[in-house]
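Colleague: Numbering follows this note's numbering, in which position 89 of the sequence shown is assigned residue number 92; successive positions increment by one, without gaps. In this text, a Cβ means the ideal position worked out from N, Cα and C, and glycines have one as well.
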Amino acid sequence: MRCGVAHEGTGALAAAARFHPDVVVMDIGLPGMSGYDVARHLRGRRETARVLLIALTGYGQPDDVFRIKAAGFDHHLVKPASPEQIAALVRGQLSP
4 MRCGVAHEGT GALAAAARFH PDVVVMDIGL PGMSGYDVAR HLRGRRETAR
54 VLLIALTGYG QPDDVFRIKA AGFDHHLVKP ASPEQIAALV RGQLSP
């Protein structure tokens with residue numbers, strides 16, 4: 004399994020273009036470009052349209068949840084989330 008890390012939105016898009024991830028775990032409050040925008044860009048690209056997108060964020064109000072789903076995220080976790088929660092989402096989506 005390959006992993007990558009980006010600390011801002013445009014870096015996340017560049018990393019995704021380089022190695023076509025199966026899973027992206029992303030915050031919403033990113034410098035320069037929001038996680039909402041990154042998610043929309045990923046969904047709009049053929050090579051990343053089907054990536055599993057997990058929002059891991061401090062934003063948990065009903066309006067935030069609506070915006071997260073509308074941007075194309077598959078799942079929403081409010082910080083702090085455990086590694087086990089993230090792994091369960093990945094297993095559930097990517098298991099044969």
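#1: Whole angstroms is fine: what's the gap from P34's alpha carbon to G95's?
#2: Quick one: what does DSSP say I71 is sitting in, helix, strand or coil?
#3: Where A74 and A9 are concerned, what is the direct C-alpha to C-alpha distance, given to the nearest angstrom?
#4: For A84, name the three-state secondary structure that DSSP assigns.
#5: So for V93, helix, strand or coil by DSSP?
#6: Excluding the 5 residues preceding and the 5 following R70 in the sequence, name in chain order all residues of the same chain whose CB lies nearer than 7 angstroms to its CB.
#7: So for L33, helix, strand or coil by DSSP?
#8: Measuring CA to CA, which of L16, G14, I31, V26 is closest to D2?
#9: Do you know offhand how far V81's Cα is from A42's?
#10: Following a CB-centred definition, is F76 positioned closer than 7 angstroms to any heavy atom of the ligand PLP?
Modeller: According to the structure data:
#1: In the sequence shown, counting from the first residue as 1, residue 34 sits at position 31. In the sequence shown, counting from the first residue as 1, residue 95 sits at position 92. Near 30 angstroms, if we compare the C-alpha coordinates of G95 and P34.
#2: Sequence index remark: in the sequence shown, residue 71 carries index 68 (1-based). Helix.
#3: Sequence index remark: in the sequence shown, residue 74 carries index 71 (1-based). Sequence index remark: in the sequence shown, residue 9 carries index 6 (1-based). Roughly 19 angstroms separates the two Cα atoms.
#4: Taking the first residue of the sequence shown as 1, we reach residue 84 at position 81. Reduced to three states, the DSSP call for A84 is coil.
#5: The residue you call residue 93 lines up with position 90 of the sequence shown. Helix.
#6: Taking the first residue of the sequence shown as position 1, residue 70 is located at position 67. The answer, listed in chain order, is Y39.
#7: Indexing the sequence shown from 1 puts residue 33 at position 30. DSSP places L33 in coil when its eight states are reduced to three.
#8: Any property of residue 2 remains undetermined from this structure, which presents the chain solely from 4 to 99.
#9: Against the sequence shown, residue 81 aligns to sequence position 78. Against the sequence shown, residue 42 aligns to sequence position 39. Approximately 17 angstroms between the Cα atoms of the pair.
#10: Absence of the ligand PLP from the depicted structure is noted, as is the absence of any ligand whatsoever, leaving it without description.
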